[in-house]
Amino acid sequence: MKNALVLCYHGYRFAGSTYADNDFIALEQDLALIRRAGRRIVSAQAIAEALAGLRAWDQVAGSIALTFDDGTCVDYRAFQHTGLGTLRPFMDSLARHDARATSFVIASADARKTLERAALDGEAMLTHDWWSPALASGRIDIANHSWDHNHAAMAGDAPGTHGRGSFFPIDNEEAANWEIDQAQAMIASVTGRLPPLFAYPYGHVPGYLADSYLPRNGQRLGLIGAFTTAGCNVAPRADRWRIPRAVCGDHWRTPGELAAMLEALG
Numbered sequence: 035m036k037n038a039l040v041l042c043y044h045g046y047r048f049a050g051s052t053y054a055d056n057d058f059i060a061l062e063q064d065l066a067l068i069r070r071a072g073r074r075i076v077s078a079q080a081i082a083e084a085l086a087g088l089r090a091w092d093q094v095a096g097s098i099a100l101t102f103d104d105g106t107c108v109d110y111r112a113f114q115h116t117g118l119g120t121l122r123p124f125m126d127s128l129a130r131h132d133a134r135a136t137s138f139v140i141a142s143a144d145a146r147k148t149l150e151r152a153a154l155d156g157e158a159m160l161t162h163d164w165w166s167p168a169l170a171s172g173r174i175d176i177a178n179h180s181w182d183h184n185h186a187a188m189a190g191d192a193p194g195t196h197g198r199g200s201f202f203p204i205d206n207e208e209a210a211n212w213e214i215d216q217a218q219a220m221i222a223s224v225t226g227r228l229p230p231l232f233a234y235p236y237g238h239v240p241g242y243l244a245d246s247y248l249p250r251n252g253q254r255l256g257l258i259g260a261f262t263t264a265g266c267n268v269a270p271r272a273d274r275w276r277i278p279r280a281v282c283g284d285h286w287r288t289p290g291e292l293a294a295m296l297e298a299l300g
């Protein structure tokens, strides 16, 4: 039975001028390549549902899912950047190629403000005013990328943890409540819908979350599956709390490399 493939792009990779260092250039070319290869594009949720036994694997076998991490507003809408002018969104490419994607967003407004200052030169690109319109468009689903990414830019440690800059410290119930549960609630308060999917920040997968917390609490939280950045295909019997993704710029850097990944699906 054929595997599936989940691709991951980042909306902060916009400053470069080539495929290898600009995810907006890459996505446009990748969507054309995927269509030429005759591959179906399905939602990340559909793949998680198949792994959870909620739909037949045949419905997603050999297919591609698209995801965006961190939730910059240019996932969905254009942005007027101080130094670079108008940045066109991923949404333009999705609409042109009749595709859909999932955007994994950071829930905390304070954390997003901190990240704008620390990582985006103060550009107000991590707002949440676009989440509901994106969801309503039918082209972009909104999902959970944690409360604050346990990012090194945050002041102090998250409850129940020691250390920032990695997601591995999220290895107990108090920390999981902080990073996952309250993020679910906050995102739902904006969109009116509990996010069905989670993506581990940094691609770091604490064993406690994947082996214990999420299997025990997923149904209560409304979560069906969780995504890593392991870089491999999704097998029909993959662990739904460790669904692998390939990251643009890391696991492939040219259209030829992506074409080989598509061919490997069979």
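So the mapping is simple: my numbering equals the position in the sequence shown, first residue as 1, plus 34. Every residue, glycine too, gets a C-beta built ideally from N, C-alpha and C.
Counting along the chain, the unbroken alpha helix (DSSP H) around asparagine 251 starts and ends at 248-255. Annotation: glutamine 114 is outside any alpha helix (DSSP H); the continuous beta strand (DSSP E) that includes it extends over 113-115. For glutamate 62, the closest C-alpha among the options Ala112, Gly72, Cys107, Arg130 is that of Arg130. Collapsing the DSSP output to three states places tyrosine 236 in a helix.
Taking a cut-off of 8 angstroms on C-beta distances, the stretch 161-178 does not touch the stretch 202-210, as fewer than three cross pairs fall below it. Taking serine 127 as the centre and dropping the five residues before and after it, the same chain places the C-beta of Leu61, Glu62, Leu65 closer than 6 angstroms to its C-beta, in chain order.
Contact between the stretch 45-59 and the stretch 106-115 is present: 3 or more CB-CB pairs across the two stretches fall below 8 angstroms. In the DSSP assignment, tryptophan 275 is bridged to no other residue.
Assignment of cysteine 266 by DSSP, reduced to helix, strand and coil, places it in the coil class. By the beta-carbon neighbour count (other beta carbons within 10 angstroms, threshold 16), glycine 197 is exposed.
Under the three-state reduction of DSSP output, alanine 145 falls in the helix class. Between leucine 160 and isoleucine 140, the C-beta spacing is below 8 angstroms. Contact between the stretch 286-299 and the stretch 238-252 is absent: fewer than 3 CB-CB pairs across the two stretches fall below 8 angstroms. Relative to the Cα of tryptophan 212, the nearest Cα in the group Pro229, His183, Asp92 belongs to His183.
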